[in-house]
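Chemist: Pasting a structure here, questions to come.
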Amino acid sequence: MSLEERIARADERGLAASGLACLDRCLPLLDGDEELLRPLWGSLADGSDWSAPLEKARGALLGLGGEEAAGAGGDGHAEAVRLVAHMLDTAPAERTAEAVRPWAESCSAVSLRVHRLLDPAAEGAPDPAGTEDPPPLVAAELRRQIAVLELLEGHGKQGLRRALDVSGEGRRVLRAVVSRRARGNVESGV
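With our numbering applied, the sequence shown corresponds to residues 33 to 222, in that order.
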């Protein structure tokens with residue numbers, strides 16, 4: 033089953049977790065503390081309203097990764113920072129399937145785009161949609177997105193812990209990529 037089919041079949045919790053996991057994995061671009069999103073994960077686990085923790089995360093994260101961070105990695109990095117900030121900014125306060133489905137679909141596409149922008153193997157390559165052989169960083173992100181949806185579909189609320197682990201693994205990978213790009217730019221005098 034494709035990623036799009038899995039998103040189409042997901043329930044409210046699966047959709048919210050999918051979008052949140054995409055945002056979580058991209059958090060290194062905003063220079064944000066990963067703990068800022070924990071209350072959102074907690075609201076998915078206990079079924080509570082996530083609007084207050086969402087506003088708190090927005091207040092803390094939007095504006096991070098600003099001009100100096102955006103310029104630290106070149107044009108692709110700056111675009112990636114803008115995309116991640118937009119992902120956070122457009123998260124719906126109301127967590128219903130109707131409200132989170134378009135956000136989850138958008139987060140999926142944005143996260144894949146961010147990973148493509150930052151993938152060293154994709155530099156200079158065209159950005160064809162639906163290629164059979166995506167660059168390694170993009171392929172890994174695609175696998176993580178599918179894994180999160182599978183975990184929520186197969187295990188419901190109990191799948192959240194593992195989904196958070198999958199997301200944390202992706203966040204560590206992206207943090208390393210961002211760090212490597214920043215070091216490369218410093219060494220080259222950019």
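Glycine included, every Cβ here is placed at the ideal spot set by N, Cα and C.
It should be emphasised that the depicted structure is a prediction, and the values quoted were computed from it without experimental measurement.
Thinking just about the alpha-carbon of each residue, which of LEU62, ALA42, SER80, THR128 is nearest to the one in ARG114?
Modeler: Selected option, being the one with the closest Cα: LEU62.
Chemist: Nearest CA to the CA of LEU144: which residue from SER211, SER50, LEU192, ARG45?
Modeler: Comparing Cα positions, the closest option is SER50.
Chemist: Classify ARG45: buried if its beta carbon has 16 or more other beta carbons within 10 angstroms, exposed otherwise.
Modeler: Looking at its Cβ environment, which holds 16 or more other Cβ atoms inside 10 Å, ARG45 is buried.
Chemist: Which residue wins for smallest C-alpha separation from ASP197, given the options ALA48, ALA40, ALA53, GLU36?
Modeler: The candidate whose alpha carbon is nearest that of ASP197 is ALA53.
Chemist: Just how far apart, CA to CA, sit GLY98 and ALA112?
Modeler: Residue confidence for GLY98 is low, a pLDDT of 48 falling below 50, so the modelled location carries little weight and cannot support an answer.
Chemist: If you follow the alpha helix (DSSP H) that SER143 is part of, which residue opens it and which one closes it?
Modeler: 129-150 is the span of the alpha helix (DSSP H), which, as asked, contains SER143.
Chemist: Tell me, please, whether the region 184-204 touches the region 33-44 by the rule of three or more beta-carbon pairs shorter than 8 angstroms.
Modeler: The region 184-204 is in contact with the region 33-44.
Chemist: Give me the residue from ALA195, THR122, LEU149 with the minimum Cα distance to ALA136.
Modeler: Among ALA195, THR122, LEU149, the Cα nearest to that of ALA136 belongs to THR122.
Chemist: Grab me the residues of LEU94's own chain with a C-beta within less than 7 angstroms of its C-beta, minus the 5 sequence neighbours each way, in chain order.
Modeler: Cβ neighbours of LEU94 beyond the five flanking positions: ALA117, LEU120, ASP121.
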